[in-house]
Amino acid sequence: MLTFARHTKNLLLAEKFFQFVKPAQAILSDAQRFSVSSSVQIGFKSSPTKKFVACAWTSVNNEIHTFRAHDRSHPDSFKIYQELNRLTNELIENGYKPDGSWIVRDIGENDTVQSILSEHCERLAIVYNLIQNPTPTTIQVATNLRMCIDCRERIGYLYSNIDWYCCRYGYKTDCKSSQMRDQGSQMKRLNDTNQFKKALSLYQKEIEKTNKSVSSLVINQALKACVELSDIKHGKDIHKNLSPYLSNNPFIQINLIRLYMKCGEYETSLDIFNNSRNRTTQMSNYVLDGLVNNHRYDIALKFFQAQNTMMNEYTFSMLFKACANNGDQQSLNFGKMIFNQMPKKFSKNEVVTTCALEMFAKSGDISKAEEIFHQVSKKNPIVVSAMMSGKQIDTVSVGQSLTGVDFAGFVSNKLEQKAIDLFFQIDQPDEIILTIFFNACAQSKTDHALSLGKKVFRQLDAKLKQSNRLLYSVLNMFVKCNDVSSAESLFNRIKRDVVSYGSMMKLYNVQKQPEKTCALYHRMKIDGLPPNEFIFTLAIDAFSRIGDITLAESLIDEIPKDLQSNPWIQIGLVDLWGKIGCPDKSKEVFDLIEHPSNVAYATMIKSFGLNGMGLEAIELFKKTPVNLLDNVTYICVLNACSHSGFVNQAEKIFEEIPMNQRTEHVYTAMIDAACRAFLFDRAQMLLNEYENKSNSPSLPMYMSLLSSARNAKNLSLVEEIYRRMKFNFGHDDNSLVSAKVLLANAHASAGDLSTSSDIRTEINLSEKKKTIGCSWTVVDKKIHVFHAHDKSHPDSSRIYEELNRLTNELIRHGYKPDGSWITREMDKNETVQSVLSGHSERLAIVYNLIQRPTPRRIQIVKNLRICGDCHNATKLIAKIHQCTIVVRDANRIHHFFPNGECSCKDHF
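In the working numbering, the protein residues as written are 13 to 920.
#1: Do N761 and K725 have their CB atoms nearer than 7 Å?
#2: Could you give the distance in angstroms between the alpha-carbon of L7 and the alpha-carbon of I250?
#3: Between T321 and L241, what straight-line distance do the alpha-carbon atoms span, to the nearest angstrom?
#4: H883 lies in the alpha helix (DSSP H); which residues open and close that run?
#5: Locate the alpha helix (DSSP H) running through H655, then write down its first and last residues.
#6: On the three-state DSSP scale, how would you describe F909?
#7: In this structure, how does DSSP classify S288 when only helix, strand and coil are distinguished?
#8: Could you spell out the range, first to last residue, of the beta strand (DSSP E) harbouring V586?
#9: In chain order, what residues of the same chain lie with their CB nearer than 6 Å to the CB of N290, ignoring the 5 residues before and after it?
#10: Taking all protein chains shown into account, decide if H851 is buried (16 or more other Cβ within 10 angstroms of its Cβ) or exposed.
#11: Could you tell me the distance, in whole angstroms, from the CA atom of Q294 to the CA atom of I269?
#12: Could you tell me which of V844, A474 and S832 sits nearest to E443, measuring between CA atoms?
#13: Taking just the CA atoms, how far does I311 sit from S255?
#14: How big is the Cα-Cα spacing for K252 and I264?
#15: Just the Cα atoms here: how many angstroms apart are L519 and V491?
#16: Sort out for me which residues DSSP pairs I870 with in a bridge.
#17: Who are the near neighbours of H796 in its chain, counting only those whose CB is closer than 8 Å to its CB and skipping five residues on each side?
#18: Measuring alpha carbon to alpha carbon, tell me which residue in D807, Y298, Q353 and S809 is nearest Y326.
#19: Quick one: what's got a C-beta closer than 6 Å to C238's C-beta in the same chain, skipping five residues either side?
#20: Is it right to say V511 is buried, meaning 16 or more other beta carbons lie within 10 angstroms of its own, or is it exposed?
#21: Check A68 in the structure and name its three-state DSSP category.
#22: Can you tell me which of the three DSSP states T783 falls into?
#23: Check this for me: beta carbons of K874 and E853, under 7 Å apart or not?
#24: Please classify Q37: does DSSP put it in a helix, a strand, or coil?
#25: Which residue marks the beginning of the beta strand (DSSP E) containing R80, and which one marks its end?
#26: Does DSSP put F920 in a helix, a strand or coil?
#27: On the CB-based measure, 16 or more other CB atoms within 10 Å of its CB, does H132 come out buried or exposed?
#28: On the three-state DSSP scale, how would you describe Q94?
#29: Pop quiz: C453 and L464 are said to be a contact at Cβ under 8 Å. What is the actual Cβ separation, rounded to whole angstroms?
#30: Mind the definition here: the region 886-897 touches the region 837-847 only if three or more C-beta pairs lie below 8 Å; say whether that holds.
#31: Just reading off the alpha helix (DSSP H) that Q294 is part of, what are its end residues?
#32: Can you give me the Cβ contacts of K597 inside the same chain, cut-off strictly under 7 Å, excluding the 5 residues immediately before and after it?
#33: Please classify H655: is it buried, with 16 or more other beta-carbons within 10 angstroms of its beta-carbon, or exposed?
#34: Any idea what DSSP makes of V364, helix, strand or coil?
#35: Per DSSP, T789 is paired with what?
#36: Once the 5 residues before and after L202 are set aside, which same chain residues still bring their CB inside 6 Å of it?
What follows is the structure, encoded as structure tokens:
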């Protein structure tokens with residue numbers, strides 16, 4: 013009678029029989045008389061008679077597992093409750109509403125109807141089966157009490173073959189529901205196995221069969237398939253054909269919100285939410301999640317502030333993610349405030365913890381991030397990677413477990429060594445943490461970090477070495493640490509994509525190996541990978557370093573028209589044309605830039621300056637908007653003045669530069685302008701002025717003075733400047749190698765070959781290598797490199813035969829070799845003429861002259877400054893052969909014209 017009274021919720025009947033049988037307590041709870049029920053339960057506890065404690069057990073892998081309600085003693089509890097949360101959300105999505113009448117005790121302050129019912133012992137047993145791999149087709153669970161109707165109906169609704177056996181009553185039931193055999197159940201099974209297109213196909217058949225009359229379950233499963241496929245077209249069709257009743261179904265509204273958010277139509281999702289009469293925490297979380305994933309962080313924060321629905325762990329995780337990604341101080345401060353006000357129970361949730369950790373790290377509050385990290389008792393790979401890095405891995409989705417977040421930590425705060433140290437505290441790092449570790453080594457750029465990275469890479473198991481994602485991070489480490497050989501070896505083994513090609517090309521550019529960059533550019537096209545903006549920018553940089561007009565033109569022809577309007581491509585082309593000696597082409601591209609930036613102005617001014625067009629550079633500088641004038645622009649215009657000999661104009665510009673912007677590089681450019689005009693007193697005054705401002709001595713300033721004093725053949729000044737350099741930079745022998753070379757050259761020019769030889773011997777004994785001079789030229793799209801007196805070229809015999817003929821011709825036209833440019837002792841078999849004629853730039857010019865037909869434009873690039881003798885000889889060669897010779901040396905571009913003049917007007 014009491015059992016009947018309980019199921020019929022007949023409180024009067026229950027109270028009548030209460031004095032006889034203990035189960036009456038359950039009936040009182042069903043009738044929501046919690047105060048009476050509680051007093052009854054207290055009476056039970058004080059009596060010697062004990063009620064049965066409900067439990068459920070199941071057999072998995074021939075082992076019995078026992079569960080009690082809210083039980084967390086099982087070894088796999090973490091995984092069980094993680095899956096239980098997912099299952100509960102899935103039940104709710106399919107129309108489940110927790111039935112509180114089956115709760116037989118008081119609801120605690122931190123409890124909800126949903127949390128109490130979802131943790132019944134039978135559900136824990138079922139979920140333990142569901143986390144097995146593979147998932148069993150039949151799940152068997154036994155209980156010592158009767159199963160509550162809430163568990164029976166809702167679990168049976170979702171799973172097609174669950175057998176129950178109740179020991180106490182000998183009651184057995186099969187929860188196969190007829191609903192599981194309908195179209196919606198089939199669609200669900202298809203969705204659960206990622207067969208979304210088949211699920212949509214079933215929906216279409218159901219529509220045709222029922223003439224657009226379908227259940228909410230079918231609609232929900234169809235919308236789920238659309239969400240997974242990002243199929244906005246079918247999703248909109250479903251939405252359009254919904255009846256008013258179904259349009260107000262909260263679960264259908266949730267899936268519509270998910271669909272529109274995923275497809276970028278967040279305004280429609282907001283409209284659905286705002287018009288809903290059934291706003292729930294889950295629904296608002298999906299809106300917040302969608303706004304964050306659509307990078308609408310400001311709107312997400314405003315949405316959060318406007319909500320009055322209950323918040324859960326996903327609400328806070330999405331909020332912290334929005335604050336972290338918005339990045340402004342106001343958002344970060346707001347996030348910190350919410351974190352401090354958040355209920356303590358959420359601070360133990362790993363999703364919330366990780367997102368909060370990221371937020372504090374991005375705000376630069378690394379100490380707070382570390383504090384949160386150390387409070388986490390079980391540091392799983394997700395939390396560790398959050399502390400280590402600043403890389404996006406995956407996304408937190410509402411209703412799902414954490415698979416990753418937009419992490420920020422040690423790496424993003426430039427604390428690479430802390431990230432590396434933390435890595436070695438982890439027993440079994442996964443692929444994500446390994447990736448972060450290699451990125452930390454890359455960002456560190458130290459030999460020690462590279463050594464550690466190599467060691468870890470060597471110890472990786474074979475399976476991890478198959479992961480392209482991980483290998484890309486290792487390649488990035490080699491690239492950032494300038495380990496060319498290791499990078500090349502790995503690059504040739506991995507599956508190459510645009511990103512890996514770009515990394516290698518950038519490395520070659522940094523290492524001054526532009527020919528390798530060009531080779532990779534062509535190899536990439538052979539691999540069938542279309543270059544993007546980044547690749548073209550790197551290729552432009554490489555071709556500008558090579559400095560040949562024919563190669564440059566072939567590259568420019570391959571850049572798509574739409575990319576040629578890209579601002580960074582345009583700036584690259586301005587620079588490219590300038591460095592190959594075509595400043596007029598640079599100006600054409602510059603004029604196409606709709607809104608030139610400070611970088612665009614500086615690049616164009618630099619192009620004019622390189623090519624000796626000082627007046628044009630000054631004119632453009634005067635047209636540069638005041639708000640775009642910066643340190644780089646000042647340096648470029650001062651260098652332009654320097655290369656054209658416009659010292660007075662440089663002085664006027666220098667005086668107008670604000671004192672706080674007169675940086676080391678600005679002073680160096682002004683000193684260089686004075687030095688090139690041999691105004692050494694003014695140059696030394698500027699140098700002293702700079703150092704008197706408590707600035708450390710600047711090596712480039714001294715080198716500019718030393719080089720010009722050498723060119724002026726002012727040996728006493730050379731020795732004075734060198735003594736000051738030795739005093740200021742004597743601790744760093746590398747800094748003095750170039751200075752010693754100039755000192756030796758100065759003594760040689762003054763005829764003191766013995767002292768010059770002694771200095772060179774000292775350089776050789778120190779094992780410090782000076783830069784070896786070389787020149788290169790492009791013939792038939794192939795780069796040919798020459799060193800002084802080089803005879804390694806296949807056409808050397810023809811080159812030297814033509815060189816002898818040319819030298820004699822130059823002498824007939826008045827050329828006199830200038831022995832002051834010889835900077836070493838001559839061998840017995842050498843003459844001034846033979847030493848000078850074998851310079852690398854002259855060999856490169858002669859190689860062009862033996863081509864047929866003889867080119868009308870010869871282009872040479874030299875890694876050092878052109879010597880005065882070669883400069884005079886080249887002017888005469890251009891006049892004799894009536895051709896234009898363009899020589900770009902380490903400082904500027906010389907245009908030698910058929911009239912025998914140079915664009916530098918001998919000011920070099």
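Glycine included, each C-beta is placed from N, C-alpha and C at the ideal position.
To lay it out plainly:
#1: For the sequence presented, residue 761 should be read as Ser rather than Asn. It is a contact, given that the beta carbons lie within the stated cut-off.
#2: No answer is possible for residue 7: the residues shown for the chain start at 13 and end at 920.
#3: Per the coordinates, the alpha-carbon of T321 lies some 30 Å from the alpha-carbon of L241.
#4: Here the alpha helix (DSSP H) through H883 covers G880 to H893.
#5: Looking at the DSSP string, the run of the alpha helix (DSSP H) that includes H655 is N643 to S656.
#6: Residue state for F909 is assigned as coil, using DSSP reduced to three classes.
#7: In the structure shown, S288 sits in coil (DSSP, three-state: anything other than H, G, I, E or B).
#8: Going by DSSP, V586 is part of no beta strand (DSSP E) but of the alpha helix (DSSP H) stretching over P579 to K591.
#9: Hits under 6 Å: P262.
#10: Per the 10 Å Cβ criterion, buried.
#11: It is roughly 11 Å from the alpha-carbon of Q294 to the alpha-carbon of I269.
#12: The candidate whose alpha carbon is nearest that of E443 is A474.
#13: Near 30 Å, if we compare the C-alpha coordinates of I311 and S255.
#14: Each residue's alpha carbon lies about 13 Å from the other.
#15: The alpha-carbon atoms of L519 and V491 are separated by roughly 6 Å.
#16: As a beta-bridge residue in DSSP terms, I870 pairs with I897.
#17: Only W788, T789, V790, H805, A856 and Y859 meet the Cβ criterion.
#18: Minimum Cα distance to Y326 is reached at Y298.
#19: The residues are H246, G247 and L271.
#20: Exposed: under 16 other Cβ atoms inside 10 Å.
#21: Strand at A68.
#22: The DSSP-derived three-state label of T783 is coil.
#23: Going by C-beta atoms, K874 is nearer than 7 Å to E853.
#24: Any reading at Q37 must be qualified, since the residue scores a pLDDT of 44, below 50, and its modelled position is unreliable; no value is offered.
#25: Element bounds for R80: E75 to R80.
#26: Three-state result, F920: coil.
#27: By the 10 Å Cβ count, H132 comes out buried.
#28: Residue state, collapsed to three classes: helix.
#29: Sure, about 6 Å apart at Cβ, within 8 Å.
#30: Here the region 886-897 does not lie against the region 837-847, with fewer than 3 beta-carbon pairs under 8 Å apart.
#31: From DSSP, the alpha helix (DSSP H) with Q294 extends over T293 to N305.
#32: Excluding residues within five positions, the ones whose Cβ falls inside 7 Å are W589.
#33: That one is buried.
#34: In the three-state reduction of the DSSP assignment, V364 falls in the helix class.
#35: Bridge partners of T789: H796.
#36: Same-chain partners within the cutoff: K210 and A211.
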